[in-house]
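Novice: Position 88, counted from 1, in the sequence shown is what the UniProt record's numbering calls 88; the numbers after and before it change by one each time, with no gaps.
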Amino acid sequence: GLIPIYFGIKVAIYDDCEGEKRAKKELNEKGLSKLVGTVAIVTIASCGADNIGFFVPYFVTLSVTNLLLTLFVFLILIFFLVFTAQKLANIPGIGEIVEKFSRWIMAIIYIALGLFIIIENDTIQTILGFIF
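1) Is DSSP giving phenylalanine 72 helix, strand or coil here?
2) Could you check whether isoleucine 124 and residue 137 sit closer than 7 Å to each other, using their CB atoms as the reference points?
3) Where does valine 56 sit, in a helix, a strand or coil, going by DSSP?
4) Excluding the 5 residues preceding and the 5 following leucine 67 in the sequence, name in chain order all residues of the same chain whose CB lies nearer than 8 Å to its CB.
5) Specify the secondary structure class of proline 92 as computed by DSSP and reduced to three states.
6) Within 10 angstroms of the Cβ of phenylalanine 7, are there 16 or more other Cβ atoms? Answer buried if so, exposed if not.
7) Quick one: what does DSSP say threonine 61 is sitting in, helix, strand or coil?
Below you can see the structure in the form of structure tokens.
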């Protein structure tokens with residue numbers, strides 16, 4: 001749970017995702033036709049460690065059955081979220097607001113997930129048990 005909290009604080013303090021800059025550059029150079037492949041490569045190359053560090057703490061708490069179910073639901077929800085985000089971004093004014101506050105939205109999500117993992121796994125009680 002501490003890793004997502006760390007990433008949330010990092011996102012809130014520093015707004016320097018190289019992957020986003022590269023994706024925008026590629027979009028301007030190559031256009032929309034090659035955007036999906038470019039975004040996938042950039043995400044894996046630049047933010048892959050962040051993504052692994054973000055999700056692994058949650059995934060290791062699951063049984064094999066729950067992990068497979070979670071991954072299945074995760075994939076379905078990714079498609080749903082991308083579709084919904086694309087539709088919302090096309091509404092006048094919404095895209096600009098999300099772009100303006102995206103850093104803070106991500107920070108809140110990361111920190112909330114970290115806290116959820118800590119609370120769900122009784123991490124605080126375990127640490128206090130080691131100390132006292």
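Backbone N, C-alpha and C define an ideal beta-carbon position, used for all residues, glycine too.
Specialist: Looking at the atomic coordinates:
1) Phenylalanine 72: helix per DSSP, three-state reduction.
2) In the structure as shown, the chain starts at 1 and stops at 132, and residue 137 therefore has no counterpart that could be examined.
3) Helix.
4) Excluding positions up to five away in sequence, the list reads Phe59.
5) Proline 92 falls in the coil class under three-state DSSP.
6) Per the 10 Å Cβ criterion, buried.
7) Threonine 61: coil per DSSP, three-state reduction.
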